[in-house]
Amino acid sequence: MKIDGVEELLAKLDKYGHQINALHTAVPDELEEWQRDDMKRKFPNMDSATVGHETTAATSIWPRSRQPSKDTHHRKQGPKQYRPATKRGPRPRSTRPILRAELLRQLWERMVRLATEAMKWP
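In structure tokens form, the structure reads like this:
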């Protein structure tokens with residue numbers, strides 16, 4: 008049995024595999040550009056690792072500041088103030104998402120555009 012056109016199909020699959028390998032380096036670069044352009048970070052902090060055929064890229068986003076607050080360490084003792092009793096324990100922080108919806112949409116658009124440009128069938 009002989010099948011015609013197998014070599015052409017293998018060449019297309021090989022070219023598609025090269026596009027996927029190029030995408031492994033393009034995604035961390037695009038995430039860094041997103042941080043610089045859209046998040047206005049002067050020094051983006053990235054964690055990226057490649058293990059085998061898998062690439063991971065991550066960034067840390069803080070809801071407030073990276074630095075601890077200076078006010079909590081050097082408070083001066085003031086007069087005792089009597090207030091009604093409230094719930095004890097730590098107060099819960101805001102339930103708002105850390106990343107604004109607009110920034111998440113911009114990241115989504117960048118990654119979709121990157122994937123559609125890189126993953127075209129040859």
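Each step along the sequence shown adds one to the number in my numbering, with nothing skipped, and position 102 is 109. Beta carbons: idealized from backbone N, C-alpha and C, even for Gly. From a predicted model like this one, the values you see are computed outputs, not experimental measurements.
Status (buried if at least 16 other CB within 10 Å, exposed otherwise) for residue i
i, result
"L38", "buried"
Secondary structure of residue i, DSSP reduced to three states
i, result
"T93", "coil"
"T102", "coil"
"D11", "coil"
"D45", "coil"
"Q113", "helix"
"K19", "helix"
"G24", "helix"
Strand pairing of residue i, partner residues [DSSP]
i, result
"V58", "E61"
"M53", "T66"
Residue i beta carbon near the ligand FAD (any heavy atom closer than 7 Å)
i, result
"L17", "The ligand content of the structure shown is nil, which means the ligand FAD is not present either."
Neighbourhood of residue i by C-beta distance below 7 Å, restricted to the same chain and skipping five residues each side
i, result
"A125", "Q26, A29, L30 and A33"
Does the stretch 42 to 59 come into contact with the stretch 13 to 23, if we say contact requires no fewer than three beta-carbon pairs (one atom in each stretch) closer than 8 Å? no
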